[in-house]
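As structure tokens, the structure follows; a few thoughts come after it.
Protein chains in written order, with my numbering: chain A, -15 to 152; chain B, 13 to 196.
Written as structure tokens, this is what we have:
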């Protein structure tokens, strides 16, 4: 299975046409796939809170948005999640590379990994963790759930899911 | 001329357009001067008015005016390259540059010292950057709307705030009536 293609296909099938990204090596393939899709407007952000602002505007303009970012961004975006996305009750699928998990080669990444799920839980953000490739089968349902409940929803995708980081 | 006087001046121009208004006193002033369903008031999240405005402009065809401040743009300087590289000709970013953080007690910003946001915007690649004095805002804004080109307007004015109550409207109500106005 091509995970990158499956994720982009599910985004399109759920009418998500506005995607902002802040890159991660693990996400390079899916970002490239999204950039190549004619039915998705891809707008890279310089910082993840900026990206959430873009997504909020696009949602109010009638487009379904999504953001693709690293888990380090949870540290950057807590205020934006609480006072913009949640406060105004907006849907936002967050496809997150979960750095600092199994098969991670960079020790510093673990420092935010150990806080990631706790922070998401503190924010009452529904959180899914993709560890095996087959976990991507739930992606379509997660997107439907996100736009049903108008909440930010986190999909953590670790190195094992992407086939390893640096050892693939 | 201070921001609230500028907002009073331009209220008849902006009331027919989609407006994303900066957090704090700017939103309180606009709300008190001319509350409209076409106004999206930011109640939190300093710095993101320009990003929300750009996302809105890229997603639909109606003109969008983001009313931002120098302090808030400095908080989210990364917004200017994103705006420059994703041109939306229905988008006007109006930065009311009074050289101070008005909502927090008028502490000076770097834009009131050596930093020139109009030059930053140009260096980021923004193609239509207009600087004006507060008194000329209406004229410049109308010209930008008529041009059909994405424009960044930097309005130079004095520091100071009008006294208005905080906005007590529920955020979901603000968002819902705004989305209905977008679709109307």
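Glycine included, each C-beta is placed from N, C-alpha and C at the ideal position.
It should be emphasised that the depicted structure is a prediction, and the values quoted were computed from it without experimental measurement.
Please identify the residue among 104/B, 99/B, 109/B, 103/B whose C-alpha is closest to the C-alpha of residue 86/B. 109/B
Roughly how far, in whole angstroms, is the beta-carbon of residue 207/A from the beta-carbon of residue 194/B, given that I think they are within contact range, below 8 Å? The structure shown does not extend to residue 207/A, since chain A is modelled only from -15 to 152, so the question has no answer here.
For residue 130/B, tell me which candidate among 94/B, 115/B, 167/B, 117/B has the shortest Cα-Cα distance. 167/B
Whole angstroms is fine: what's the gap from residue 97/B's alpha carbon to residue -3/A's? 28 Å
Am I right that residue 134/A and residue 57/B are in contact with their C-beta atoms under 8 Å? What's the rounded C-beta distance? Contact doesn't hold; Cβ gap of about 17 Å is too wide.
Which residues bound the beta strand (DSSP E) around residue 130/A? Here residue 130/A belongs to no beta strand (DSSP E); instead the alpha helix (DSSP H) covers 123 to 133.
Distance check for residue 132/B and residue 123/B, CA to CA, integer angstroms please. 10 Å
Counting beta carbon pairs with one atom in the segment 20 to 27 of chain A and one in the segment 96 to 110 of chain A, are three or more of them shorter than 8 Å? no
Please state whether the Cβ-Cβ distance between residue 187/B and residue 72/A is less than 8 Å. yes
Chain C contacts made by the segment 63 to 76 of chain B, where a contact means CB separation under 7 Å: Absent here is chain C; the protein component of the structure consists of chains A and B.
Which residues in chain A sit within 7 Å of residue 183/B, going by Cβ to Cβ distance? 71, 72
What are the boundary residues of the alpha helix (DSSP H) that includes residue 24/B? 15 to 26
Whether or not the segment 139 to 146 of chain A and the segment 84 to 102 of chain A are in contact is what I'm after, with contact meaning three or more pairs of Cβ atoms, one per stretch, closer than 8 Å; do they touch? yes
Count the other CB atoms within 10 Å of the CB of residue 102/B; is the residue buried (16 or more) or exposed (fewer)? buried
Where residue 152/A and residue 163/B are concerned, what is the direct C-alpha to C-alpha distance, given to the nearest angstrom? Because residue 152/A carries a pLDDT of 42, less than 50, the predicted location of this residue cannot be relied on, and the following value inherits that uncertainty. Rounded to the nearest angstrom, the two C-alpha atoms are 47 Å apart.
How should residue 185/B be labelled, buried or exposed, when 16 other C-beta atoms within 10 angstroms of its C-beta is the threshold for buried? exposed
Which whole runs of the beta strand (DSSP E) in the segment 36 to 86 of chain A are 3 residues long or more, in chain order? 48 to 54, 76 to 82
Around the C-beta of residue 121/B, are 16 or more other C-beta atoms found within 10 angstroms, so that it is buried, or is it exposed? buried
Going by beta-carbon coordinates alone, are residue 50/A and residue 0/A separated by less than 8 Å? yes
With a threshold of 16 other CB atoms inside 10 Å of the CB of residue 85/A, please say whether the residue is buried or exposed. buried
Where in the segment -7 to 44 of chain A do unbroken runs of the beta strand (DSSP E), each at least 3 residues long, occur, reported from the N-terminal end onward? 0 to 5, 25 to 28
DSSP on residue 43/B, reduced to helix/strand/coil? helix
Strictly under 8 Å for the Cβ-Cβ distance: is residue 40/B near chain A by that measure? no
Just to confirm before moving on: does the CB-CB distance between residue 25/B and residue 150/B stay below 8 Å? yes
Apart from the five residues on each side of it in sequence, which residues of its chain come closer than 6 Å, Cβ to Cβ, to residue 2/A? 25, 42, 47, 49
Select from the segment 17 to 34 of chain B all residues with a C-beta closer than 8 Å to any C-beta belonging to chain A, and list them in chain order. 32
For residue 85/B, the three-state DSSP class (helix, strand or coil): helix
Can you list the residues of chain B that residue 31/A reaches, using a CB-CB cut of under 7 Å? 90
Spatial neighbours of residue 189/B within its chain, please: C-beta separation below 6 Å, excluding the five flanking residues on both sides. 49
Can you name the residues of chain A whose CB is closer than 8 Å to the CB of residue 98/B? 27
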